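Okay, structure first, notes after.
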Amino acid sequence: MRTIPAFPLSRAAIAASLALALAGLQAQAACSLPDARIHQVQGNGPQNPMQGKTVAVQGVVSSLLYGKDGPVGFFIQEVPQNQDADPATSEGIYVYTGKLALPALRAGDAVGVRGKVLEFGRKGDARTETQLQPSAAADVQLCGYQGELAPVSLRLPLSGGAAQLESLAGMVVKFEQPLFVVDSYNYGRYGELALSSQARQWVPTQLYRPGSAEAQALRAANPRDRLLLDDGKTWQNADAWLPGPGGLSAANTLRVGDRLDGLTGVVSFSNGAYRVQPLYLPQVSAANPRAAAPARKAGQLRVASFNVLNFFNGDGLGGGFPTERGAKTRDDFLRQKAKIVSAIRQLDADVLGLMELENDGFGPQSAVKELVDALNAGQDADKQYRFVDPGLPRIGTDAITTGMLYRPSRVRPDGAAKALTVGDPAKNRLSLAQTFAADGKKLTLVVNHLKSKGSSCEQVKVNGAPDADTGDGQGNCNLTRVQAAQDLVRWAKQRGASAKDGLLVMGDMNAYAKEDPIRVFEDGGLSNLLARFQKDAYSYVYQGESGNLDHALADAALTKWVAAAGEWHINADEPTALEYSSEFKSSAQRQNYYAPDAYRSSDHDPLYVDLQLVPIAGADALALGMLGLASLLAWRRRK
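Numbering-wise, the sequence shown is residues -29 to -1, 1 to 610 according to mature numbering (1 follows the signal peptide of the UniProt record, and there is no 0).
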């Protein structure tokens, strides 16, 4: 169920419409006397004693739900003088009317409803929504105008959890606090936003060791401080209505961290979750605005990594769509390519590691060749890229692979690239390593994409131990990722490079900052650059929680050269509706939600590491040294 008036109005507009409704109402015949109060229909326990019975109630309309062709139901609430003193019972209820031809109802109307009591929910849901379903239009009587309902004050985090929301189901509530968007994954398709009293909710294992008391406490606390805001519509792919004016568009985004004030709405339950159906347009503030690409200083070398969201180019000749994992049509691929190119050009990296490239080799029709050609088109010679070719038909056997680009104007490959087998090759993608010479120094970049948390590892054993989800917050395949990290550390120690050469390990590790694979890297002598240079690192948002799955880890030699490291937050905070895909969008939305820019070019934020390979003198050297010292001290305090 997705609820709110079809066109959210201001308080003044609603007040005016209610005044018109009142002026137009003629004297109404008294409604039939109810045979039950709403709180009696709702009950105060897990089992509803009235389920399946037909009852008559009276109440005041608080909000209507809309289908494509008009209202399909409405919420009513008991007037204050008829409410009970039991805090566990709700005084509101949803009336599902479907296609019944009802009189025009508006908020504030007093109505009498006769209908069957039903518990509505999905199979397997722990909770359901109590509904009244009248069988005929005559079962809904308009009794006059009662006036706007006074809301119940509600705050996040919830002191009583789900039981607290159950006691307010169908009732008008008001949040006397600012709320912040923490997730917009379903905003474009279902009109849902996850809100919290915190500007950002963190993945527990981003901050704390898996299974620790602190991680378990945060895991329990986050859901109590999160609630869905819905859009009041019962169909998919309706126009996203925030932020106003005009609603969502490529130029008018709504990001994780943005602030909402004055939220008033009705509590409902559907699709397994409690949600608020707003009565008024809340005030939206861009508390987390888009940022331009991170600046880099002249003379520094930038190394970056970027997950490019299943970049598949079909057969490379304009056909071959839909692809195995990427774009479904050529038009969508061109939209995707334009966004990826925009992001990479602005990131301005001299060496770039890529994840989720189509694993179709390095020939003239390959995905990596098409990406490089697009990047180089119209660019000056010093901005042009080449791709690293390890001399293999493909890198491993998976559908996606890692890749690497570099600017010959800034670096020179030193030796052949290597595809590294990490862990069991049947379970892990191969990593790609290449040494470069630049400014009299040598550095080796290793690009990685470890096994995902969502992969199935129930039947997998690592060193005899099952690799299923253990429930400590690290998800599936953790041992597989640990084994890959161990092999990378072992390779780093055995590579036989000069002590003056630097090593940088980057990529999508599918592990958060405090999880086992990252600890393996750190214990193996690699410095976690994001932990050192960023106070609150994140590159990904999943189910309302932020953290960094993408990492940059350096050995002691390279760490000395690091001037800056961070993420460019162009993707994780943006609504998925702004991605290239045309699926689940109207023709107008395909145009309004899309721009050939960097924003929501992927689901991961790109990382960058700026290296000062050539010594600098004077005030600049002192400032750089103080920055390095400050970041080191901050990192040690966090450890």
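All C-beta atoms, glycine included, are put in the ideal place defined by N, C-alpha and C.
Quick caveat, the model's predicted, so the values are computed rather than measured.
Exposed unless 16 or more other CB atoms sit within 10 angstroms - verdict on residue i
i: residue 139; result: buried
i: residue 4; result: exposed
i: residue 136; result: buried
i: residue 18; result: exposed
i: residue 456; result: buried
i: residue 451; result: buried
i: residue 409; result: buried
i: residue 248; result: buried
i: residue 634; result: Nothing about residue 634 can be reported from this structure: the residues present for the chain run from -29 to 610 only.
i: residue 41; result: exposed
i: residue 442; result: exposed
i: residue 130; result: exposed
i: residue 548; result: buried
i: residue 197; result: buried
i: residue 212; result: buried
i: residue 70; result: exposed
i: residue 427; result: exposed
Which listed residue (the options) has its alpha carbon closest to that of residue i
i: residue 557; options: 210, 241, 368 and 3; result: 210
i: residue 545; options: 559, 270 and 222; result: 222
i: residue 586; options: 432, 411, 488 and 439; result: 411
i: residue 461; options: 180, 497, 282 and 325; result: 497
i: residue 571; options: 319, 309 and 323; result: 309
i: residue 250; options: 29, 453 and 146; result: 146
i: residue 113; options: 424, 11, 529 and 45; result: 45
i: residue 531; options: 505, 491 and 414; result: 414
i: residue 52; options: 120, 2 and 107; result: 120
i: residue 235; options: 197, 328, 111 and 126; result: 126
i: residue 342; options: 376, 363, 555 and 492; result: 376
i: residue 259; options: 580, 563 and 542; result: 542
i: residue 533; options: 270, 465 and 294; result: 270
i: residue 167; options: 490, 128 and 219; result: 128
i: residue 229; options: 526, 240, 330 and 214; result: 214
i: residue 402; options: 427, 43, 369 and 244; result: 369
i: residue 564; options: 50, 238 and 158; result: 158
i: residue 333; options: 364, 267 and 356; result: 364
Cα-Cα separation, residue i to residue j
i: residue 603; j: residue 503; result: For residue 603, the pLDDT reaches just 49, beneath the cut-off of 50, and the residue's location in the model is therefore unreliable, although a value from the coordinates is still provided. Spanning the two alpha carbons is a distance of roughly 6 Å.
i: residue 494; j: residue 540; result: 28 Å
i: residue 482; j: residue 160; result: 28 Å
i: residue 103; j: residue 37; result: 17 Å
i: residue 300; j: residue 286; result: 12 Å
i: residue 302; j: residue 288; result: 13 Å
i: residue 405; j: residue 473; result: 12 Å
i: residue 318; j: residue 325; result: 13 Å
i: residue 550; j: residue 384; result: 34 Å
i: residue 418; j: residue 336; result: 23 Å
i: residue 163; j: residue 516; result: 16 Å
i: residue 623; j: residue 262; result: Because the chain spans -29 through 610 in this model, residue 623 falls outside it and cannot be assessed.
i: residue 582; j: residue 278; result: 21 Å
i: residue 520; j: residue 486; result: 10 Å
i: residue -14; j: residue 33; result: For residue -14, the predicted model reports a pLDDT of 38, less than 50, meaning its position is unreliable; a value from the coordinates is still stated below. Rounded to whole angstroms, residue -14 to residue 33 spans 16 Å at the Cα level.
i: residue 7; j: residue 505; result: 59 Å
i: residue -29; j: residue 420; result: The predicted model places residue -29 with a pLDDT of 35, which falls under 50 and marks its position as unreliable, so this point remains unresolved.
i: residue 584; j: residue 276; result: 19 Å
i: residue 295; j: residue 16; result: 49 Å
i: residue 424; j: residue 118; result: 52 Å
i: residue 566; j: residue 344; result: 21 Å
i: residue 320; j: residue 353; result: 12 Å
i: residue 529; j: residue 203; result: 54 Å
i: residue 578; j: residue 525; result: 14 Å
i: residue 54; j: residue 107; result: 27 Å
i: residue 115; j: residue 13; result: 24 Å
Any non-hydrogen atom of the ligand FMN closer than 7 Å to residue i Cβ
i: residue 455; result: Absence of the ligand FMN is noted for the structure shown, with no ligands found whatsoever.
#### Entry: Touching by the beta-carbon criterion (3+ pairs, under 8 Å), the segment 124 to 142 and the segment 59 to 68
yes
### Task
Taking 8 Å as the threshold, find out whether the segment 382 to 397 comes into contact with the segment 246 to 255 through three or more Cβ pairs.
no
### Query
Would you call the segment 19 to 26 and the segment 75 to 88 touching, i.e. three or more CB-CB distances under 8 Å?
yes
### Task
Check whether the segment 217 to 231 touches the segment 74 to 82, counting contact only when three or more Cβ pairs, one atom from each stretch, lie closer than 8 Å.
Flag = no, the segment 217 to 231 and the segment 74 to 82 do not touch.
### Task
Count the CB pairs spanning the segment 511 to 522 and the segment 150 to 167 that are closer than 8 Å, and state whether there are at least three.
Yes: at least three Cβ pairs fall under 8 Å.
### Message
So, does the segment 167 to 185 touch the segment 103 to 114, judging by three or more C-beta pairs under 8 Å?
### Response
no
### Query
At what residue ranges does the segment 496 to 577 contain a whole run of the beta strand (DSSP E), taking only runs of 3 or more?
Within the segment 496 to 577, the complete beta strand (DSSP E) runs of at least 3 residues are 511 to 513, 516 to 518, 521 to 525 and 533 to 538.
### Query
Of all the beta strand (DSSP E) runs that stay within the bounds of the segment 343 to 414, which reach a length of 3 or more residues?
The segment 343 to 414 contains these whole beta strand (DSSP E) runs: 371 to 377, 389 to 391 and 402 to 409.
### Query
Curious, which full-length alpha helix (DSSP H) runs of at least 4 residues does the segment 432 to 466 contain?
449 to 465
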